[in-house]
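Residue numbers (the UniProt record's numbering): 1 to 375. Backbone N, C-alpha and C fix where the C-beta goes; we use that ideal spot for every residue, glycine too. All remarks here apply to the structure that follows.
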Amino acid sequence: MTLILGGGIGGLSAAHYLIKAGTKNITLLESTNRVGGWIQSIKDPKTGIIFEKGPRTLRIRGNIGMNTLSLIEELGLEHKIKPITIDHPSSKNRFIFVNNRLHILPTSFSALFKKTPPFSTRLFRGIWRDLTSPAKKSNDDTVYAFIERRFGVEVADYLVSSMICGICAGDAKEISVKFFIPNLFEAEQKYGSVVKGYIKEIMQKKKVEDSKSSNPLGSVHEKAKLEKWNVFGMDGGMVTLVDAVKEEIEVAKGIDIKFNSQVTDLSIQPGSVKCRVNGKEFFEYKHLISSLSAIHLAPLLKEEHPILADELSKIPFVTVAVVNLAFKGQLLDREAFGFLVPPSQGLPILGVIFDSCNFPQENHTVLTSQQIQQV
């Protein structure tokens with residue numbers, strides 16, 4: 001018997017692949033009355049507008065992106081994909097809010113040689129700095145310190161710190177560059193420069209693609225490559241993916257999804273996993289898969305595995321407040337993904353997403369504002 005903790009997309013996907021591998025007798029415990037975790041799409045009954053309380057798009061790059069597309073293809077959801085291509089305004093246009101103004105981020109090569117607000121100098125000077133600065137041999141560094149050293153303080157402040165906030169609501173001055181952007185760190189260590197490493201990577205890219213050409217990809221992968229997708233959403237909201245995985249694993253049988261089931265005690269011993277649910281009955285399993293956040297898993301391991309629990313509890317955890325807004329009519333005069341607010345501006349929000357630019361919502365302007373709060 002196998003126990004899965006958490007009914008978010010991670011726990012549901014784990015169940016999907018276990019069933020696919022022939023595993024029987026799976027129990028999934030979810031502490032709330034619904035699956036999906038952070039993914040939650042709310043449709044307004046009056047306007048038909050879909051508000052996302054969590055993620056709204058998925059990236060297709062890397063192994064994770066390819067695996068997600070494979071899962072969607074296995075579920076037969078290809079027709080539900082809403083792609084955003086690389087030439088779409090929301091892919092090309094992104095803003096940052098600096099000194100009480102919106103500034104579009106440069107995206108063209110020629111823009112590197114122009115002085116573009118809020119930057120006080122041409123961005124090419126940052127590239128030149130990287131090309132001419134000596135490498136620093138180290139085991140690791142923070143993202144902020146690394147970018148500041150290689151490209152200058154404004155690139156670190158305005159570009160990279162904003163990017164980190166937008167991706168994971170994190171602090172660039174605390175996050176490890178070796179962990180978060182390993183290719184940049186390795187480029188400096190191996191080639192002495194990020195730019196030199198990037199050029200080398202481009203030169204080797206075709207060789208890598210040729211070596212992977214024998215690996216068969218599904219039709220949705222080929223379509224994404226041919227149409228040059230950047231990210232994609234789902235018709236009906238991201239909950240469409242959640243509902244499809246849930247339905248698929250329930251139809252396959254062999255799994256018992258228990259809602260409103262909070263694990264209050266957990267005992268992990270060789271060949272045995274025992275858990276108490278809602279402070280009452282004990283259940284015993286042979287295998288355990290946890291998709292819980294570290295902050296929620298740590299207390300369950302504290303008694304038997306204090307060292308592991310202590311390490312898990314040290315992982316920073318933040319909550320992000322999401323405010324969905326909708327207005328009648330098309331009110332935005334610029335089409336873009338949205339804007340980010342660098343931490344250096346001292347404002348309480350991470351940024352605002354222009355949802356209706358990504359996916360038009362009838363005749364409404366739909367926005368999502370995000371604010372971080374340390375826990």
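Distance, residue j Cα to residue i Cα
| i | j | result |
| --- | --- | --- |
| E281 | C275 | 8 Å |
| P306 | S272 | 18 Å |
| K136 | F185 | 10 Å |
| E362 | I175 | 40 Å |
| I104 | R94 | 6 Å |
| T132 | K114 | 20 Å |
| A298 | F179 | 21 Å |
| F97 | A244 | 38 Å |
| T116 | L340 | 17 Å |
| V195 | D141 | 18 Å |
| G7 | L28 | 7 Å |
| residue 378 | Y17 | Nothing can be reported for residue 378: it is not among the residues displayed for the chain, which extend from 1 to 375. |
| S369 | P348 | 11 Å |
| L71 | P55 | 17 Å |
| V375 | P83 | Any answer about V375 is weak, because its pLDDT of 49 lies below 50 and its placement is not dependable; what the coordinates show is given next. Their Cα atoms are separated by approximately 35 Å. |
| V155 | S344 | 12 Å |
| K20 | K225 | 27 Å |
| Y191 | V177 | 16 Å |
| residue 383 | I4 | Residue coverage of the chain in this structure runs from 1 to 375, which leaves residue 383 outside it and unanswerable. |
| L102 | Q269 | 56 Å |
For residue i: DSSP bridge partner residues
| i | result |
| --- | --- |
| N324 | T368 |
| Q361 | H364 |
| R59 | V231 |
| Q4 | Correcting the residue type first, residue 4 is Ile in the shown sequence and not Gln. L28 and I289. |
| S161 | Its beta-bridge partners do not exist; DSSP assigns none. |
| F339 | F95 and V352 |
| E303 | In DSSP, E303 forms no bridge with anything. |
| E52 | S41 |
| I84 | V231 |
| G36 | G8 |
First and last residue of the uninterrupted beta strand (DSSP E) at residue i
| i | result |
| --- | --- |
| F109 | Taken as a continuous stretch (DSSP letters only), F109 belongs to no beta strand (DSSP E), as it is neither H nor E. |
| L102 | R101 to I104 |
| K178 | K178 -> not in any beta strand (DSSP E); alpha helix (DSSP H) instead, spanning V177 to F180. |
| F95 | F95 to V98 |
| I9 | No beta strand (DSSP E) holds I9; the alpha helix (DSSP H) holding it covers I9 to K20. |
| K173 | Careful: K173 lies outside any beta strand (DSSP E) and carries neither H nor E. |
N-terminal and C-terminal residue of the alpha helix (DSSP H) that residue i is part of
| i | result |
| --- | --- |
| D130 | F124 to T132 |
| L312 | P306 to S313 |
| E148 | V143 to F151 |
beta-carbon residue i near the ligand ATP non-hydrogen atom, thresh 7 Å
| i | result |
| --- | --- |
| I96 | The ligand ATP is not among the ligands present in this structure, which contains no ligands whatsoever. |
Residue i at chain B interface by Cβ criterion, 8 Å
| i | result |
| --- | --- |
| P106 | Absence of chain B from the displayed structure is noted, only one protein chain being present. |
> On the three-pair Cβ rule with 8 Å, is the region 30 to 38 touching the region 250 to 264?
Replying inline: yes
> Which runs of the beta strand (DSSP E) spanning at least 3 residues fall entirely within the region 220 to 299, listed in chain order?
Replying inline: 229 to 234, 255 to 258, 263 to 269, 272 to 277, 282 to 285 and 287 to 290
>> Assess contact between the region 316 to 332 and the region 45 to 55, defined as three or more Cβ pairs (one per stretch) separated by less than 8 Å. Is contact present?
In response: yes
> Is the region 328 to 348 touching the region 356 to 370 in the sense that three or more CB pairs, one from each, lie closer than 8 Å?
Replying inline: yes
>> Taking 8 Å as the cut-off, does the region 77 to 94 touch the region 222 to 233 (at least 3 CB pairs, one atom from each stretch)?
In response: yes
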